[in-house]
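In this note's numbering, the protein residues as written are 328 to 396. Yeah, the Cβ is synthetic: ideal placement off N, Cα and C, and Gly gets one too. Nothing here was measured: the structure is a model prediction, and the numbers come from that model. Down below is the structure, laid out as structure tokens.
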Amino acid sequence: VVDGWELNGELFPSPMDHPLPLKERFDEFCGKRVSKTYVSSQNALLIQYRIPVKGRGFTIYVRARKNPN
């Protein structure tokens, strides 16, 4: 999971344009059942995935929270 997005190997927003340090913008897990809430600090959150076996995927629930500002 990436707070932001990646295009052609480049991360957006760049580390200089983002309020969080780079290490706090990434979370990686594999083969685990994860129940965690992610909140994007910008307007995009990227979920990268690979499904190695047909029919053995996963489910993601997304809910937009109202911006208090």
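Burial check for residue 354: the Cβ neighbour count within 10 Å stays below 16, so the residue is exposed.
Within the DSSP bridge table, the entry for residue 349 names no partner. Residue 334 is not a Cβ neighbour of residue 349, given a cutoff of 9 Å. DSSP, reduced to helix, strand and coil, places residue 344 within a helical segment of the structure shown.
Nearest in C-alpha terms to residue 387, of all of 363, 393, 379 and 368, is 363. Shown here for residue 376: same chain residues with a beta carbon closer than 8 Å to its own, the five before and five after excluded, namely 385 in chain order.
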